[in-house]
Amino acid sequence: MIKIKNLDYTLPLWDKISPRYFKKSNVDIENFYGDVLYVGMGSAYGPRKQSDKVESTTIIEYNPNIIKLHNIPEKNWNIIEADAYEVDLGENKYDFIFVDIFLRVIPRSKYNFLLTKYSKHLKKEGKIFFIKTLPFDDNK
């Protein structure tokens, strides 16, 4: 079991919680297609449950232990072990980007930074999603 800041990343727990979590954030991973970028791996619920229409899955994850625990090699995910704030994605473009690196609150300044950074990597009709279940902290 991996615990980070009191957060348990074992599958039984997250597979029970995640469907509600994605639904409340208006993220319908079952309808994703094309090229998808997940910023933050967590339990890899999104990549594990996404549509078969997804052609490529890229995941940015900072913690090597989470990668080791939740990578499924036969899925051929492109996993980038890097900091979401610093990673360079070059000219890569995605149909869907899901940013989920926050734990209990979203600092507004960091949200704005990530929105600007990753929006540049959207294809013309692409969509970017952030979790909507956590409050913003406008003082950070």
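Position in the sequence shown (from 1) plus 2 gives the number in this note's numbering.
All C-beta atoms, glycine included, are put in the ideal place defined by N, C-alpha and C.
Here the structure is a predicted model, which is why all the values come from computation and not from measurement.
- Secondary structure remark: continuous alpha helix (DSSP H) runs of at least 4 residues inside the region 107-140, in chain order: 110-121.
- Straight-line spacing of the CA atoms in G128 and N94 works out to 12 Å.
- Per DSSP, I69 lies in no beta strand (DSSP E) segment; the continuous alpha helix (DSSP H) that holds it begins and ends at 66-72.
- In the structure shown, the three-state DSSP call for D30 is coil.
- The three-state reading of DSSP puts E93 in coil, since its state is none of H, G, I, E or B.
- Rounded to whole angstroms, T118 and D17 show a C-alpha spacing of 30 Å.
- Taking the CA atoms as reference points, P66 sits about 12 Å from G42.
- When C-beta atoms of the region 95-103 are compared with those of the region 68-83, fewer than three pairs fall below 8 Å, so the two segments do not count as touching.
- As computed with DSSP, L39 is found in a beta bridge with T60, I99.
- Here the alpha carbon of I133 sits roughly 8 Å from the alpha carbon of V29.
- It is roughly 24 Å from the alpha-carbon of I31 to the alpha-carbon of F115.
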